[in-house]
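K.L.:
Here it is, the structure, as structure tokens.
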Amino acid sequence: MDILVFLKQVPDLVEELEIDAGGTTLDSTWLRYIPSEYDEHALEQALLLKERHGGTVHVVTIDIGEADDMLYSALAKGADSAGKITADFSDGASSTRLATALQDTVCTHPYDVILTGVQSIDDVEGPTGAFLARGLGIPYVGSVNGVSVNGDAGRALVRKEYPGGAFSEIEVHLPALIGIQAAEQPPRYVPISRIRQTKAQAHISEYAAPETAHPTWGRVLSMRKVESTGSAVMLDGDPGAVAQQLVDILQEHNVLR
Amino acid sequence: MNTNILVYAERLRSGIPGIVYELLGKARALAEAHGSDISVLLPGPATEEEVASFGAAHRVLIVEHDAATSPTPEGMLQSVHDAAALTQPGLLLMPATTLASDVAALFAADTGARLVTNCIDFDITHDGITACSRQYGGKILVDVLVDSTPAVLCVLAGAFQEQEGCVTGTPSPVKLPSPVLPDQRMRATRFIPPAPGDVDLAQMPVLLSVGRGIQNKENIGIVEELASKLNGAVCASRPVIDQGWLPLTRQIGRSGLMVKPRVYMAFGISGAPEHVEGMKDAGLIIAINTDRTAPIFNVAHYGVAADALDVVPALLEALENVVQHT
Numbered sequence: 013m014d015i016l017v018f019l020k021q022v023p024d025l026v027e028e029l030e031i032d033a034g035g036t037t038l039d040s041t042w043l044r045y046i047p048s049e050y051d052e053h054a055l056e057q058a059l060l061l062k063e064r065h066g067g068t069v070h071v072v073t074i075d076i077g078e079a080d081d082m083l084y085s086a087l088a089k090g091a092d093s094a095g096k097i098t099a100d101f102s103d104g105a106s107s108t109r110l111a112t113a114l115q116d117t118v119c120t121h122p123y124d125v126i127l128t129g130v131q132s133i134d135d136v137e138g139p140t141g142a143f144l145a146r147g148l149g150i151p152y153v154g155s156v157n158g159v160s161v162n163g164d165a166g167r168a169l170v171r172k173e174y175p176g177g178a179f180s181e182i183e184v185h186l187p188a189l190i191g192i193q194a195a196e197q198p199p200r201y202v203p204i205s206r207i208r209q210t211k212a213q214a215h216i217s218e219y220a221a222p223e224t225a226h227p228t229w230g231r232v233l234s235m236r237k238v239e240s241t242g243s244a245v246m247l248d249g250d251p252g253a254v255a256q257q258l259v260d261i262l263q264e265h266n267v268l269r
Numbered sequence: 399m400n401t402n403i404l405v406y407a408e409r410l411r412s413g414i415p416g417i418v419y420e421l422l423g424k425a426r427a428l429a430e431a432h433g434s435d436i437s438v439l440l441p442g443p444a445t446e447e448e449v450a451s452f453g454a455a456h457r458v459l460i461v462e463h464d465a466a467t468s469p470t471p472e473g474m475l476q477s478v479h480d481a482a483a484l485t486q487p488g489l490l491l492m493p494a495t496t497l498a499s500d501v502a503a504l505f506a507a508d509t510g511a512r513l514v515t516n517c518i519d520f521d522i523t524h525d526g527i528t529a530c531s532r533q534y535g536g537k538i539l540v541d542v543l544v545d546s547t548p549a550v551l552c553v554l555a556g557a558f559q560e561q562e563g564c565v566t567g568t569p570s571p572v573k574l575p576s577p578v579l580p581d582q583r584m585r586a587t588r589f590i591p592p593a594p595g596d597v598d599l600a601q602m603p604v605l606l607s608v609g610r611g612i613q614n615k616e617n618i619g620i621v622e623e624l625a626s627k628l629n630g631a632v633c634a635s636r637p638v639i640d641q642g643w644l645p646l647t648r649q650i651g652r653s654g655l656m657v658k659p660r661v662y663m664a665f666g667i668s669g670a671p672e673h674v675e676g677m678k679d680a681g682l683i684i685a686i687n688t689d690r691t692a693p694i695f696n697v698a699h700y701g702v703a704a705d706a707l708d709v710v711p712a713l714l715e716a717l718e719n720v721v722q723h724t
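The listed protein sequences correspond, in order, to chains A and B.
Taking our numbering, I'd label the letters of the first sequence as residues 13 to 269.
Taking our numbering, I'd label the letters of the second sequence as residues 399 to 724.
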């Protein structure tokens, strides 16, 4: 079974996000990229499928930020091969553009299962996986937190989340594209030493995306930081002083008896 | 510009979720300003009362099929296509749920319609549809212009007033054909209702919720100790559940539980939209987070910009003093 996992980097929200002078993009000067959390779960789910059913896991990303480091980490975790899509992404990497780039490059190989995170923190336009699935003419199910495959029958059984803690089991014909909300177990840890070792031996393929006109979905008019509404009364002081204020508030609201 | 509006009234089992009336309320306001025609797509079977509750709309398109109770993205997608063919919407409004998000993206991919996710506001202007999308974990608002129709908007719960859409009336009921999926590329085999939890979080008056800032599973113990002193229960945001530190039954948010406790204390939770959706209606919200700019402070009544792991022990100690003096 051949599995493709699309990984994406997103800005680290621990860092302060700044908007550039034009007001329509993030200022990349101090932007620190990290792997999208949901994509890390997609990789974990792919590695679990490989362990159960055999086959190969190919990981791919676009060539921005720390792409190589992310791919080496994936290889160190157990992926078999890695590649990155090269193109000028300076004017943005919208979901439809990513889907087109993936379709034109790595997806010319007939993978049995394609996994990616169900969403990322910058998906204004919607999930890349859905657009790619439609382009490839294969089924798509998002918000999945468990996948089992019956290779002989050419089907996968996915567990899709619904609001309020409900689920549905959905049988999907392969090949299929699955948007992962959470893997069946937390993403595995890989020691830095193993990543370094992998880095010395592994090869990262490059796929040049055709410089065709990519689809546009609209226009960003402006980006704004969410200003504090001032709704929260901030309590200051050392932990002891804050704790006493919290006790007073809880007493006011009759939480303490 | 085509200002016809189609509202997708997603429901999984019974009852109409509040977000549907939020969307109808906004649609009603747009219709008054632009003379828009409003249709609702409702997975059936539908009662007369349910149809009448969509009085803000001109018609209710009812579709009955297995997918209404065991939905699949492709089953629902076909019904949306059918409804769109009938009503020719310039604006398709969908709740930002786990199912509707799939359907919205697939519909956009099929039709070339423009999709904007995580919307908290939108309008019809001379230039097109404008929408405001909450991105980057709720830290950044992105204003976009979609200059062609149809536009598909996935809207976050809580963006609008539910009561604005609660208008009783006599919209025309129209029965849509059940979708036929000849190749059966996907089919729902089982609907799994929410697992009965060890604690019914929806009934607890006090909830203490932990997020990524709690750092590790062991640190949850001290919050549980605090919960027992406050007669509350511990719940969590998505990252904690995904790490396996607490069971799924304790998750609050878009794909977890919606709760309205008297008191909700958030420890180490930044306030991503997916989480805020599930707890914003709590009576009293107290948030403790190291990042003073975290979005959680926009919905909290009281905030503490500090490490929860410093505040919780101090709070336990302060509560000891209260107990000793009462």
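Yeah, the Cβ is synthetic: ideal placement off N, Cα and C, and Gly gets one too.
Taking only beta-carbon positions, decide if Tyr419/B is within less than 7 Å of chain A.
P.N.:
Tyr419/B does not count as touching chain A.
K.L.:
Check the Cβ of Val701/B against every Cβ in chain A and list those closer than 8 Å, keeping chain order.
P.N.:
Strictly speaking, residue 701/B in this sequence is Gly, with Val absent from that position. The answer, in chain order, is Ala244, Val245, Met246, Leu247.
K.L.:
So is Glu239/A buried or exposed if we call it buried at 16+ other beta carbons inside 10 Å?
P.N.:
It is exposed - the Cβ of Glu239/A has fewer than 16 other Cβ atoms within 10 Å.
K.L.:
If the cut is a Cβ gap below 7 Å, which residues of chain A does Gly536/B touch?
P.N.:
Per Cβ cutoff of 7 Å: Val238.
K.L.:
With 16 as the cutoff for other CB atoms within 10 Å, does Val245/A come out buried or exposed?
P.N.:
Answer is exposed; the Cβ neighbour count stays below 16.
K.L.:
Going by C-alpha distance, which of Gly666/B, Glu675/B, Phe695/B is nearest Asp705/B?
P.N.:
Cα-wise, what sits closest to Asp705/B is Gly666/B.
K.L.:
Roughly how many angstroms lie between the CA atoms of Val710/B and Ile694/B, to the nearest whole one?
P.N.:
Their backbone Cα atoms lie some 18 Å apart in a straight line.
K.L.:
Give me the DSSP bridge partner(s) of Asn696/B.
P.N.:
Answer is none; Asn696/B lacks a bridge partner.
K.L.:
Is Met235/A close to chain B? Criterion is C-beta to C-beta, closer than 7 Å.
P.N.:
Met235/A counts as touching chain B.
K.L.:
What are the residues that DSSP puts in a beta bridge with Pro47/A?
P.N.:
Answer is Gln21/A.
K.L.:
Secondary structure at Thr688/B, three-state DSSP: helix, strand or coil?
P.N.:
In this structure, Thr688/B counts as coil in the three-state DSSP scheme.
K.L.:
If we require 4 or more residues per run, which alpha helix (DSSP H) segments fall completely within the region 66–99 of chain A?
P.N.:
Complete alpha helix (DSSP H) runs here, min 4: 79–89.
K.L.:
When you compare each of Val170/A, Lys211/A, Ser102/A to Val184/A by their alpha carbons, which one comes out closest?
P.N.:
The candidate whose alpha carbon is nearest that of Val184/A is Val170/A.
K.L.:
Give, in chain order, every residue of the region 124–141 of chain A whose Cβ lies closer than 7 Å to some Cβ of chain B.
P.N.:
Within the region 124–141 of chain A, the qualifying residues are Ile133, Asp134, Asp135, Val136, Glu137, Gly138, Pro139.
K.L.:
Measuring only between beta-carbons, confirm whether Leu29/A sits less than 7 Å from chain B.
P.N.:
Answer yes: the Cβ-Cβ gap between Leu29/A and chain B drops below 7 Å somewhere.
K.L.:
Go ahead and pull the three-state DSSP assignment for Gln649/B.
P.N.:
Strand.
K.L.:
Does any C-beta atom of chain A lie closer than 7 Å to the C-beta of Phe665/B?
P.N.:
Phe665/B does not count as touching chain A.
K.L.:
Measuring only the C-alpha atoms, how far is Gly163/A from Ile190/A?
P.N.:
For Gly163/A and Ile190/A, the distance between alpha carbons rounds to 16 Å.
K.L.:
Tell me which residues of the region 20–47 of chain A have at least one Cβ-Cβ distance to chain B shorter than 7 Å, keeping chain order.
P.N.:
Those residues of the region 20–47 of chain A that come within reach of chain B (Cβ to Cβ, closer than 7 Å) are Pro23, Leu25, Leu29.
K.L.:
Checking contacts by CB at 7 Å: is Gly230/A closer than that to chain B?
P.N.:
Answer yes: the Cβ-Cβ gap between Gly230/A and chain B drops below 7 Å somewhere.
K.L.:
Give the secondary structure of Ala465/B by DSSP, where H, G and I count as helix, E and B as strand, and everything else as coil.
P.N.:
Here the model assigns Ala465/B a pLDDT of 49, short of 50, so the residue's position is not dependable and the matter cannot be decided.
K.L.:
According to DSSP, is Pro591/B part of a helix, a strand, or is it coil?
P.N.:
If DSSP states are grouped into helix, strand and coil, Pro591/B belongs with coil.
K.L.:
Could you tell me which of Leu59/A, Leu186/A, Gln21/A sits nearest to Tyr123/A, measuring between CA atoms?
P.N.:
Selected option, being the one with the closest Cα: Leu186/A.
K.L.:
Go ahead and label Ser85/A buried or exposed: buried means 16 or more other beta carbons lie within 10 angstroms of its beta carbon, across all protein chains shown.
P.N.:
Per the 10 Å Cβ criterion, buried.
K.L.:
Along the chain, where does the beta strand (DSSP E) that runs through Pro671/B open and close?
P.N.:
Note, Pro671/B: premise wrong, no beta strand (DSSP E); alpha helix (DSSP H) at 671–677.
K.L.:
Which of helix, strand or coil does DSSP assign to Lys537/B?
P.N.:
In this structure, Lys537/B counts as coil in the three-state DSSP scheme.
K.L.:
So if DSSP puts Thr528/B in a beta bridge, which residue, or which two residues, is it bridged to?
P.N.:
According to DSSP, which records beta bridges pairwise, Thr528/B is partnered with Asp521/B, Leu543/B.
K.L.:
Give me the Cα-Cα distance between Ala204/A and Lys89/A, rounded to the nearest whole angstrom.
P.N.:
One point to set straight first is that residue 204/A is Ile, not Ala, in the sequence displayed. Distance between the alpha carbons of Ile204/A and Lys89/A is about 11 Å.
K.L.:
Just by C-beta distance, which residues in the region 472–506 of chain B are closer than 8 Å to chain A?
P.N.:
Hits within the stretch, in order: Glu472, Thr495, Thr496, Leu497, Ser499, Asp500, Ala502, Ala503, Leu504, Ala506.
K.L.:
How far does the beta strand (DSSP E) with Val550/B in it reach, from first residue to last?
P.N.:
Start and end: 549–553.
K.L.:
Below 8 Å on the Cβ atoms is my guess for Pro487/B versus Pro548/B; work out the distance and round it to an integer in Å.
P.N.:
Yes, they are in contact, since the Cβ atoms of Pro487/B and Pro548/B sit about 5 Å apart, within 8 Å.
K.L.:
Applying the criterion that 16 or more other CB atoms from any shown protein chain within 10 Å of the CB defines a buried residue, is Asn516/B buried or exposed?
P.N.:
The residue in question, Asn516/B, is buried, as its Cβ has 16 or more Cβ neighbours within 10 Å.
K.L.:
Could you spell out where the alpha helix (DSSP H) holding Ile403/B opens and where it closes?
P.N.:
Ile403/B -> not in any alpha helix (DSSP H); beta strand (DSSP E) instead, spanning 403–406.
K.L.:
If Ala54/A and Thr140/A are in contact, beta carbons under 8 Å, what's the gap, nearest whole angstrom?
P.N.:
Contact flag wrong, Cβ pair sits at about 11 Å.
K.L.:
Classify Lys658/B as helix, strand or coil using the three-state DSSP reduction.
P.N.:
Here Lys658/B sits in coil by DSSP.
K.L.:
State buried or exposed for Asp500/B, treating a residue as buried only when at least 16 other CB atoms are found within 10 Å of its CB.
P.N.:
Buried, since its Cβ has 16 or more Cβ neighbours within 10 Å.
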